[in-house]
Amino acid sequence: MEEEAAAAYHAYVTDGVVPVQRRRCTSSFTGVSWVKGPGKWKAMCKSKVLGYHTTEEGAAQAYENYVKDGVVPVKPSTFSHLTGVSWVKGPGKWKAHCKGKHLGLHDTEEGAAAAYDKYVADGVVPEKRPRPTSSRLQAGRCRLTPG
9 MEEEAAAAYH
19 AYVTDGVVPV
29 QRRRCTSSFT
39 GVSWVKGPGK
49 WKAMCKSKVL
59 GYHTTEEGAA
69 QAYENYVKDG
79 VVPVKPSTFS
89 HLTGVSWVKG
99 PGKWKAHCKG
109 KHLGLHDTEE
119 GAAAAYDKYV
129 ADGVVPEKRP
139 RPTSSRLQAG
149 RCRLTPG
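Residues in the sequence shown are numbered from 9 upward in steps of one, following my numbering.
Encoded structure:
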């Protein structure tokens, strides 16, 4: 690790090159793999998903606990007791919403609650990113001809 940092510093000083750090998508730990969709490390043993983790080491620890003690980690709750917050299974994120307005998806339940609170206090709706359409065809462009 120190050697890599020293090499990166040397490259920066001599050439002005700032190295780009890329996320490793394979793990050296048994039972651990990177899942692109949620952007998390997955621990798995014998087709049993043991959980998703923000760190590779956390996923490895979940795998080790399962193998050693047969302990299946407790899944995080997907029910929120906080007003305006609910779990969205597909992206695996917490959704903030109020009176039919979507206020964003968040990694944590607390982040979604903060977005809800900000909306209630200030009436501020976060900017939405444009979503890609599900079809390359636009409405009204297709005509059926009698055959």
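Even for Gly, the Cβ is constructed at its ideal location relative to N, Cα and C. The structure displayed is predicted, hence computed values, not measured ones.
Check                                                                                                                                                                   : Outcome
When DSSP labels each residue in this structure, what does Gly47 get in the three-state scheme?                                                                         : coil
So, with DSSP's three-state summary, where would you put Gly59?                                                                                                         : strand
Between which residues of its own chain and His61 is the CB-CB distance below 7 Å, once the five residues before and five after are set aside?                          : Lys48, Trp49, Ala51, Ala67, Ala70
Starting from Ala104, follow its DSSP beta bridges and name the residues at the other end.                                                                              : Val93
Cα-Cα, which of Gly131, Ala13, Lys54 is closest to Gly78?                                                                                                               : Lys54
Lys109 lies in the beta strand (DSSP E); which residues open and close that run?                                                                                        : 109–114
In or out: Lys109 buried (at least 16 other Cβ within 10 Å) or exposed?                                                                                                 : exposed
What are the partner residues of Val40, as DSSP defines its beta bridges?                                                                                               : Ala51
Could you have a look at Gly66 and say whether DSSP puts it in helix, strand or coil?                                                                                   : helix
CA-CA distance, Val75 and Ser35?                                                                                                                                        : 17 Å
Enumerate in chain order the residues of its own chain whose CB-to-CB distance from Pro99 is below 8 Å, with the five nearest sequence positions on each side excluded. : Gly45, Pro46, Leu113
In its own chain, which residues sit with a C-beta less than 8 Å from the C-beta of Tyr124, not counting the 5 before and 5 after it?                                   : Leu90, Thr91, Gly92, Val93, Ala104, His105, Cys106, Leu111
Should Gly39 be labelled buried (16 or more other beta-carbon atoms within 10 Å of its own) or exposed?                                                                 : buried
Helix, strand or coil, according to DSSP, for Thr34 in the structure here?                                                                                              : coil
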